[in-house]
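In terms of UniProt numbering, the sequence shown opens at residue 1 and continues consecutively.
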Amino acid sequence: MTGNKSFFQTLVMEEEGCVTFGDESKKRVVGKGTISILGLPSLSNVLYVDGLKANLISISHLSDEGFSILFSKDDCSILKPDGQTLLKDLRSSDNCYCLEARIVSCNMSKDEQIELWHERLGHMNFRDLRILDKFNVVRGLSKLGKKANGVCGPCQQGKQTKSMHKKGKYLFTNEPLELLHMDLMGHMQTESLGGKRYIFVCVDDFSSIGISLEFLALRTPQQNGVVERKNRVLQEMARVMLLSNDVPKNLWAEAVNTACYIRNRVFLRPGSRQTSYELWKGRKPNVNYFHTFGSKCYILNDCDQVGKFDAKSDEGIFISYALNRRAYRVFNLKTRSVMESSNVVFDDNRLKFSDHEEEVIVVDDSPLEMVMETPIVGMSNLDEDDTQPLDRVPLLNSKKPAPWV
């Protein structure tokens, strides 16, 4: 029993009678619940006693949970069912055995972590996400739980299919650039911000590295098995990311760029425990700087003359990763423009883009998405490549191509 309400993980407030102590004093029991204190097992049916100043643990309750308690002249030990010592404390001067413990602070459960990374990695399927975690093939990924809570609605809307298709025979290549698969995907019903309607997709057979380019010319898509599957994956990922936060459809090019960027860093080549990125570059990719597409962010305003008591940052929406500099691509809600900045703080909690009345109106001919460009970072703890940080500037009519590295 305890009088500290903050100890409880779950608490049901209800009258449970009174507790009588040795001095004949009585305290009311006003609730019952489960507590979790560092160093002790999770205890259920713990009484919440109003005004109780000491925390009391029932020896019989611990025994019922499978623990053993050993008392000696000088100390008291609590043993796990396997015989290992869980907690040991000395006998106090007033002949009491006092256990030192503190409240467990849990910011996010492992099951919640896997859902967050599911969104950060472009709604990657949970099976492949657990493989990334199990074999440690990327850096910066948090430890994940075994299952997600419920069904991801955007995934069902963006990926649901009729049935599985049988795999045919496939000839594996032995080195990068031995075989390339190419296809043109489009035309898209909605123009991108730069007026684009087509995406050119090129896949290296060995590493499965993908290059996604946008074109205006009208062509008929080539029926190529490998690249057609890549088209479908990128299109599904982009569709889900757009649906997830109600992002406008004219940001589909940013969504495809982000999907391709993510895919190259987390996709494992069949029969291998290496990502496409590692097969191509020879080192593990870092995903520590990844954030949820469409999430809210704050962009440091280091261009305008800011008054002493004016806001130092603008609110924005994260839409992609910059291709040739250490920065993020964001939509600035104040200037209504797409821009790149390395000084960004993120809030990965879901934000509906439709909450903002105005539409994206600035035309942005930004560099085309070439996945396997220099990886982008915007945080001080990221050191994957040696590119220089970006000073925040809006990208208007920029024609500079992304480097192939």
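Ideal Cβ placement from N, Cα and C applies to all residues, glycine included.
**Asked** Within 10 angstroms of its Cβ, does Gln156 collect 16 or more other Cβ (buried), or is it exposed?
**Response** Taking the first residue of the sequence shown as 1, we reach residue 156 at position 156. So Gln156 counts as exposed.
**Item:** Spatially closest choice to Gly122 from Ser68, Phe267, Asn332, by CA coordinates
**Value:** Start at 1 with the first residue of the sequence shown, and residue 122 comes out as number 122. For the residues Ser68, Phe267, Asn332, the minimum Cα distance to Gly122 belongs to Phe267.
**Item:** Element boundaries [beta strand (DSSP E), containing Lys27]
**Value:** Counting from one through the sequence shown, the residue named residue 27 turns up at place 27. Unbroken beta strand (DSSP E) run through Lys27: 26 to 35.
**Proximity to Ala253 [Cα-Cα], best of Met188, Asn286, Gln305** = To locate residue 253, count along the sequence shown from 1; it is residue 253. Closest by alpha carbon: Met188.
**Asked** Are Leu144 and Arg127 closer than 9 Å when you measure CB to CB?
**Response** In the sequence shown, the residue the question calls residue 144 occupies position 144. In the sequence shown, the residue the question calls residue 127 occupies position 127. In this structure, the beta-carbon distance from Leu144 to Arg127 does not fall below 9 Å.
**Asked** Who are the near neighbours of Val12 in its chain, counting only those whose CB is closer than 7 Å to its CB and skipping five residues on each side?
**Response** Here residue 12 is taken as the residue at index 12 of the sequence shown, counted from 1. Excluding residues up to 5 positions away in sequence, Gly31, Lys32, Gly33 lie with their Cβ nearer than 7 Å to the Cβ of Val12 in the same chain.
**Message:** Quick check on DSSP: helix, strand or coil for Tyr328?
**Reply:** Within the sequence shown, numbered from 1, the residue matching residue 328 stands at position 328. Reduced to three states, the DSSP call for Tyr328 is strand.
**Message:** So the candidates are Arg336, Phe318, Asp50; which of them puts its Cα closest to the Cα of Phe290?
**Reply:** Translated into the one-based positions of the sequence shown, residue 290 becomes position 290. It is Phe318.
**Request:** Identify whether residue 407 lies in helix, strand or coil by the three-state DSSP scheme.
**Result:** This structure does not reach residue 407, given that the chain is present from 1 up to 405, and the question cannot be answered.
**Item:** Helix, strand or coil at Thr258 [DSSP, three-state]
**Value:** Locating residue 258 in the sequence shown gives position 258, where the first residue counts as 1. DSSP places Thr258 in helix when its eight states are reduced to three.
**Message:** Considering only their Cβ atoms, is the gap separating Met237 from Arg263 smaller than 9 Å?
**Reply:** As a working mapping, residue 263 is identified with position 263 in the sequence shown. As a working mapping, residue 237 is identified with position 237 in the sequence shown. Yes, these two residues count as a Cβ contact at 9 Å.
**Prompt:** Helix or strand or just coil, what does DSSP make of Cys155?
**Reply:** In the sequence shown, counting from the first residue as 1, residue 155 sits at position 155. Secondary structure at Cys155: helix, using DSSP grouped into helix, strand and coil.
**Asked** Taking the C-alpha atoms as reference points, what is the distance between residue 425 and Leu52?
**Response** Because the chain here runs from 1 to 405, residue 425 falls outside it and cannot be looked at.
**Prompt:** Is the beta carbon of Met182 less than 9 Å from the beta carbon of Val201?
**Reply:** Your numbering for residue 182 matches position 182 in the sequence shown. Your numbering for residue 201 matches position 201 in the sequence shown. Yes, the Cβ-Cβ distance between Met182 and Val201 is below 9 Å.
**Item:** Sequence-distant residues of its chain with Cβ nearer than 8 Å to Arg120 (five each side left out)
**Value:** Within the sequence shown, the letter at position 120 stands for residue 120. Closer than 8 Å at the Cβ level, and outside the excluded window around Arg120, lie Val287, Phe290, His291, Thr292, Asp348.
**Prompt:** Any idea if Lys244 is buried or exposed, counting beta-carbon neighbours within 10 angstroms, 16 or more meaning buried?
**Reply:** Locating residue 244 in the sequence shown gives position 244, where the first residue counts as 1. Residue identity differs from the one stated: residue 244 is Ser in this sequence, not Lys. Burial call: buried.
**Prompt:** Do Val240 and Gly158 have their CB atoms nearer than 9 Å?
**Reply:** Here the question's residue 240 lines up with position 240 in the sequence shown. Here the question's residue 158 lines up with position 158 in the sequence shown. Against a cut-off of 9 Å, the Cβ pair of Gly158 and Val240 comes out as a contact.
**Message:** For a test of the three-state rule: what should DSSP assign to Asp82, helix, strand or coil?
**Reply:** Locating residue 82 in the sequence shown gives position 82, counting from the first residue. Asp82 carries a coil assignment under DSSP once its states are collapsed to helix, strand and coil.
**Prompt:** Using the beta-carbon count (16 or more within 10 Å), is Val49 buried or exposed?
**Reply:** Position 49 of the sequence shown, counting from 1, holds the residue named residue 49. Classification for Val49: buried.
**Item:** C-alpha gap between Ser60 and Phe71, whole angstroms
**Value:** On the sequence shown, residue 60 is found 60 positions in, with the first residue counted as 1. On the sequence shown, residue 71 is found 71 positions in, with the first residue counted as 1. Each residue's alpha carbon lies about 14 Å from the other.
**Message:** Can you tell me which residues form a DSSP beta bridge with Lys296?
**Reply:** Locating residue 296 in the sequence shown gives position 296, counting from the first residue. Note: Lys296 sits in a beta bridge opposite Ile317, Asp347.
**Message:** Residues in the same chain with beta-carbon distance under 6 Å from Phe67, minus the five sequence neighbours each way, listed in chain order, please.
**Reply:** Against the sequence shown, residue 67 aligns to sequence position 67. Cβ within range, chain order: Ile78.
**Prompt:** Which word fits Asp64, buried or exposed, when buried means at least 16 other C-beta atoms lie within 10 angstroms of its C-beta?
**Reply:** Position 64 of the sequence shown, counting from 1, holds the residue named residue 64. Exposed.
**Opening and closing residue of the alpha helix (DSSP H) in which His187 lies** = Counting from one through the sequence shown, the residue named residue 187 turns up at place 187. Careful: His187 lies outside any alpha helix (DSSP H) and carries neither H nor E.
**Proximity winner among Ala311, Tyr97, Tyr328, relative to Phe346 (alpha-carbon distances)** = Counting from 1 along the sequence shown, the entry for residue 346 is found at position 346. When only C-alpha atoms are compared, the closest one is Tyr328.
**Message:** Assuming Ser341 is part of the beta strand (DSSP E), what are its boundary residues?
**Reply:** The sequence position of residue 341 within the sequence shown is 341, counting from 1. Ser341 -> beta strand (DSSP E) spans 337 to 341.
**Asked** Out of curiosity, what's the CA-to-CA distance linking His298 and Asp133?
**Response** For the purposes of this step, residue 298 is identified with residue 298 of the sequence shown, where counting begins at 1. For the purposes of this step, residue 133 is identified with residue 133 of the sequence shown, where counting begins at 1. First, the residue type needs correcting, since residue 298 is Tyr and not His in the sequence shown. Roughly 29 Å between the two C-alpha positions.
**Item:** Sheet register partners of His181 (DSSP bridge)
**Value:** By one-based count along the sequence shown, residue 181 stands at place 181. For His181, which the question treats as bridged, DSSP gives the partners Val203.
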